[in-house]
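> Let me give you the structure first, and then I'll get to my questions.
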Amino acid sequence: MANTDTLLEHLPCPLAWLEPGGTLLGFNPAFADLVEDPQHFFTQGAGSHWLAKCQDSHFWRDALPGKGLMRVHVSHLPDSKAFLFFVQPVVDLHGSVLDLLAHPIFIQCPDGSLLASNNSFANFMGSERSALIGLEASRLFGGDGQQGIDSGREQLLKEGTLEPIKVSRPDGKIWWIQKRLITQNDQHLAIISEMWDITRQLQMEAELSAMQSADKLTGLMSRDEFLHQLDEQLHVAKRIQMKLGLMLLDLKSFQQINDDFGHQVGDSLLRAVAQRIQQTLRETDILARQEGDRFAIMAVHLKNSEAMAQVHHKLALAFEQPFEIDGKPVPMGFRAGVAIYPDDADNANSLFNNAELTLHQLKRDGGDVRFYDERIDAMVRLTRELGKDLRGATERGEFFLRYQPIVSAYGNKLLGVETLVRWEHPQHGTLVPQEFVYIAEHVGLINELGEHVLAMLTRDLHQWLDYGVYNLCLTVNISPQQLKGQGLFDKTRELLAQLGGADQFTLELELNEAAIHNDGQRYAQQLHELKKMGLRLSIDEFGSINGALNNLTKLPIDTIKIDRHFIAKLGKDPDAETLVKAILRLGKDLGIRTSAVGVEELDQLNFLRNEHCDQVQGFAVSEPMGSEDFITWYHNFNLVRGGIQP
Numbered sequence: 005m006a007n008t009d010t011l012l013e014h015l016p017c018p019l020a021w022l023e024p025g026g027t028l029l030g031f032n033p034a035f036a037d038l039v040e041d042p043q044h045f046f047t048q049g050a051g052s053h054w055l056a057k058c059q060d061s062h063f064w065r066d067a068l069p070g071k072g073l074m075r076v077h078v079s080h081l082p083d084s085k086a087f088l089f090f091v092q093p094v095v096d097l098h099g100s101v102l103d104l105l106a107h108p109i110f111i112q113c114p115d116g117s118l119l120a121s122n123n124s125f126a127n128f129m130g131s132e133r134s135a136l137i138g139l140e141a142s143r144l145f146g147g148d149g150q151q152g153i154d155s156g157r158e159q160l161l162k163e164g165t166l167e168p169i170k171v172s173r174p175d176g177k178i179w180w181i182q183k184r185l186i187t188q189n190d191q192h193l194a195i196i197s198e199m200w201d202i203t204r205q206l207q208m209e210a211e212l213s214a215m216q217s218a219d220k221l222t223g224l225m226s227r228d229e230f231l232h233q234l235d236e237q238l239h240v241a242k243r244i245q246m247k248l249g250l251m252l253l254d255l256k257s258f259q260q261i262n263d264d265f266g267h268q269v270g271d272s273l274l275r276a277v278a279q280r281i282q283q284t285l286r287e288t289d290i291l292a293r294q295e296g297d298r299f300a301i302m303a304v305h306l307k308n309s310e311a312m313a314q315v316h317h318k319l320a321l322a323f324e325q326p327f328e329i330d331g332k333p334v335p336m337g338f339r340a341g342v343a344i345y346p347d348d349a350d351n352a353n354s355l356f357n358n359a360e361l362t363l364h365q366l367k368r369d370g371g372d373v374r375f376y377d378e379r380i381d382a383m384v385r386l387t388r389e390l391g392k393d394l395r396g397a398t399e400r401g402e403f404f405l406r407y408q409p410i411v412s413a414y415g416n417k418l419l420g421v422e423t424l425v426r427w428e429h430p431q432h433g434t435l436v437p438q439e440f441v442y443i444a445e446h447v448g449l450i451n452e453l454g455e456h457v458l459a460m461l462t463r464d465l466h467q468w469l470d471y472g473v474y475n476l477c478l479t480v481n482i483s484p485q486q487l488k489g490q491g492l493f494d495k496t497r498e499l500l501a502q503l504g505g506a507d508q509f510t511l512e513l514e515l516n517e518a519a520i521h522n523d524g525q526r527y528a529q530q531l532h533e534l535k536k537m538g539l540r541l542s543i544d545e546f547g548s549i550n551g552a553l554n555n556l557t558k559l560p561i562d563t564i565k566i567d568r569h570f571i572a573k574l575g576k577d578p579d580a581e582t583l584v585k586a587i588l589r590l591g592k593d594l595g596i597r598t599s600a601v602g603v604e605e606l607d608q609l610n611f612l613r614n615e616h617c618d619q620v621q622g623f624a625v626s627e628p629m630g631s632e633d634f635i636t637w638y639h640n641f642n643l644v645r646g647g648i649q650p
């Protein structure tokens, strides 16, 4: 054994030998360089489990704090029962690769101790990197951060996956920590954590949320927040078995006052109206400004439907007194459409829609107030009729496509087209998607309709290629329901295959922001799969829903299309301009393309150019057109602009 010891001591690789009972018999200088205290290492340190492990294996991998991943070989010494451990580095975790990355990265052993990090993480902690090695990584963060990292590590080891962890720092900054588990042969080797500063993104989200949750002119609740509260209060009404009344109210002759006296007087009048309505309502009732001169009132805890008539009567009395604006009396009346839960609808969307239908019918027929009734229900019956007519409409060839060009904000580059489907109904004429897509979803025909649209698009694209139309991004609107089945994926692959892949055309699928807000995370996997197929993804009507920003960091979104409602207000509404600017800055910060929809005026286009919007579409560029007309438009654009840039 003495000769063996002498031989082993002079070998350059780290070696240690132990008797079966655990007594350390010896080690060579290379092992002493690797492990500062070999005796402690085998009794209480990372090597304390090696003797037990070598009963089942002659080879494994292990992580040594501060040293990286090691390959451990075990064998018996000749003429002895002692175990010989030979340690060989697998990878040097202190290499320069991690330091090439600017964001903080740290690596933990499965037990939570810090195995390695890059310089950015050491600077983040305000310490030398060598001083951090071996420490409990979670304790470096403290507070909620420590708890989040500990529980996250446990979940990662148990389940193999983990959502990003949010950590707040004393300096007020907020970081995402994304953890990944490194395994080999079902053995957990290490946990790699990457950190990202999301402070500015969250600040932007808070600013946009504040803009969207309150109406700046009157200080009342915004439309989006009101709809959220309506949904919450309906659940309460159902639980306590009470009625809830919804009244939509707009002002008579308000536009005339705006035209005669200017927007400043109109704004003062809206503030005065908001204050008087608020003073008239009960403390439990909820008031919001919808848009323009429209207000929404939610009366809760009603015993009967007649209570809403009393609400209207009190408001009518309050409006008998003229409003005083700049010392002058201004008489003002209003119209009100009313719908009541559960008499007229059992959910927030239906109740709101019924109140809107009632107000719309009231404005057509005249009068001051109207409650939802059977005549208005005829419109619902029309919806049912359209649902029946949708069946077989594809076979009858009643759908057709229109294409609206999308150009760079400076107009010198044609970027693509949006594909718009129309329904030529035998009795009701040409219908736009807003009039039938929701019906197709309700009756279960949305997948059939979506596949039919892609088939029609494929036919037109073959014609385009024959006439030299190519190198465009094709935007197609889809419903979240289309993500549930395989049809969308199969038809998309078929389209790309027929066109020779994505070389001639790029396909962009567009989801409404409301759909992303409600179902985005539910369909995240499908959206990522579509992205892998080479497709782009965009969000339409962006800015219309509060709280959807979080999806931008979790979903593979390429383009955000600003709601046409805000584009129409450019040059007229400072709040709309502020919101559009914020969305454009957000897109730039996140590296997401920005697109403005519904651009109709030169002033709107100039505003978007000055704020560095990427692309625009609308009547200022071109109205939607059929396939053959677009081919002509394409070549005229090419001629006038001096060539379409790739």
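Numbering follows our numbering, in which position 646 of the sequence shown is assigned residue number 650; successive positions increment by one, without gaps.
We treat Cβ as the ideally placed atom computed from N, Cα and C, and that holds for glycine.
The structure presented is a predicted model; accordingly, all values stated were derived computationally and were not measured.
Please report the residue range of the beta strand (DSSP E) in which G491 lies.
Per DSSP, G491 belongs to no beta strand (DSSP E); it is in the alpha helix (DSSP H), 491-502.
> Start and end of the beta strand (DSSP E) containing Q112?
Looking at the DSSP string, the run of the beta strand (DSSP E) that includes Q112 is 109-112.
> So, S309 versus D347, is the Cβ gap smaller than 8 Å?
Result yes, Cβ atoms of S309 and D347 sit closer than 8 Å.
> Between the Cα of T284 and the Cα atoms of L500, H317, F265, which residue gives the shortest distance?
Minimum Cα distance to T284 is reached at H317.
> With DSSP run on the structure shown, which of helix, strand or coil describes G391?
G391 falls in the helix class under three-state DSSP.
> Give me the residue from D372, F46, E40 with the minimum Cα distance to L22.
Nearest of D372, F46, E40 to L22, Cα basis: F46.
> Just mark S483 as buried or exposed, buried being the case when its beta carbon has 16 or more other beta carbons within 10 Å.
Looking at its Cβ environment, which holds 16 or more other Cβ atoms inside 10 Å, S483 is buried.
> Taking the C-alpha atoms as reference points, what is the distance between A444 and G337?
Taking the straight line from one Cα to the other gives about 40 Å.
> Could you please give the first and the last residue of the uninterrupted alpha helix (DSSP H) stretch that includes F125?
Unbroken alpha helix (DSSP H) run through F125: 123-129.
> Per DSSP, what are the beta-bridge partners of N416 in this structure?
Its beta-bridge partners do not exist; DSSP assigns none.
> Out of L161, Q485, V315, state which residue places its alpha-carbon closest to the alpha-carbon of Y442.
Closest option to Y442, Cα to Cα, is Q485.
> Only counting the same chain, and skipping five residues up and downstream in sequence, which positions put a Cβ closer than 6 Å to that of W179?
Cβ neighbours of W179 beyond the five flanking positions: V171, M199, D201.
> Rounded to a whole number of angstroms, what is the C-alpha to C-alpha distance between A56 and P42?
Roughly 17 Å separates the two Cα atoms.
> In terms of residue numbering, what span does the alpha helix (DSSP H) encompassing H53 cover?
Here H53 belongs to no alpha helix (DSSP H), and DSSP marks it neither H nor E.
> Taking all protein chains shown into account, decide if L386 is buried (16 or more other Cβ within 10 angstroms of its Cβ) or exposed.
Per the 10 Å Cβ criterion, exposed.
> Is the separation between the beta-carbon of L366 and that of R379 shorter than 8 Å?
Against a cut-off of 8 Å, the Cβ pair of R379 and L366 comes out as no contact.
> If we call anything under 8 Å between Cβ atoms a contact, is F356 one with L234?
Cβ atoms of F356 and L234: closer than 8 Å.
> Scan the region 233-280 and note each continuous beta strand (DSSP E) run of 3 residues or more that stays entirely inside, going in chain order.
Runs of the beta strand (DSSP E) inside the region 233-280: 247-255.
> Under the assumption that L252 contacts E158 (Cβ atoms under 8 Å), give the Cβ distance between them as a whole number of angstroms.
Going by Cβ atoms, the distance from L252 to E158 rounds to 51 Å, so no, they are not a contact pair.
> Am I right that T222 and L255 are in contact with their C-beta atoms under 8 Å? What's the rounded C-beta distance?
That pair is no contact at about 13 Å.
> Buried or exposed: where does A459 fall if 16 or more other Cβ atoms within 10 Å of its Cβ makes it buried?
Exposed, since its Cβ has fewer than 16 Cβ neighbours within 10 Å.
> Excluding the 5 residues flanking Q237 on each side, which residues of the same chain have their C-beta closer than 7 Å to its C-beta?
Same-chain partners within the cutoff: L248, M302, V304.
> If L88 and L19 are in contact, beta carbons under 8 Å, what's the gap, nearest whole angstrom?
Confirmed, Cβ separation roughly 7 Å.
> Roughly how many angstroms lie between the CA atoms of Q621 and F546, to the nearest whole one?
Taking the straight line from one Cα to the other gives about 15 Å.
> For P650, count the other beta carbons within 10 Å of its own beta carbon; 16 or more makes it buried, fewer makes it exposed. Which is it?
Caution applies to P650, whose pLDDT of 34 falls short of 50 and renders its modelled position unreliable; the model cannot decide the point.
> Take Q150 and list the residues in its own chain whose beta-carbon comes closer than 7 Å to its own, dropping the five residues that flank it on each side.
Counting only Cβ-Cβ distances below 7 Å, and skipping sequence neighbours, we find S142, R143.
> Might you give, ordered along the chain, the residues of its own chain that have their beta carbon closer than 7 Å to the beta carbon of G99, omitting 5 neighbours on each side?
Note that G99 scores 47 on pLDDT, short of 50, meaning its location in the model is unreliable; the coordinates nonetheless yield the value given after this. So no residue of the chain qualifies.
> Report the option in I543, H80, G152 whose CA atom is closest to the CA atom of E517.
The residue with the shortest Cα to Cα distance from E517 is I543.
> DSSP puts S542 in a beta bridge; with which residues?
DSSP, once it has assigned bridges, lists E514, T563 as partnering S542.
> What do you reckon, are the CB atoms on I563 and E512 nearer than 8 Å?
In the sequence as displayed, the identity of residue 563 is Thr instead of Ile. Against a cut-off of 8 Å, the Cβ pair of E512 and T563 comes out as a contact.
> Buried or exposed: T165, going by 16 or more other Cβ atoms within 10 Å of its Cβ?
When all chains shown are included, T165 counts as exposed.
> Is the Cβ-Cβ distance between A624 and L606 less than 8 Å?
Going by C-beta atoms, A624 is nearer than 8 Å to L606.
> Which stretch, first to last residue, makes up the alpha helix (DSSP H) that contains E1?
The structure shown does not extend to residue 1, since the chain spans only 5 to 650, so no value can be given for it.
> Between the alpha carbons of Q314 and K576, how many angstroms are there, rounded?
Taking the straight line joining both Cα atoms gives about 37 Å.
> Does D348 come within less than 8 Å of chain C when only Cβ atoms are used?
Absence of chain C from the displayed structure is noted, only one protein chain being present.
> Would you give the residue range spanned by the alpha helix (DSSP H) that T582 belongs to?
Looking at the DSSP string, the run of the alpha helix (DSSP H) that includes T582 is 578-594.
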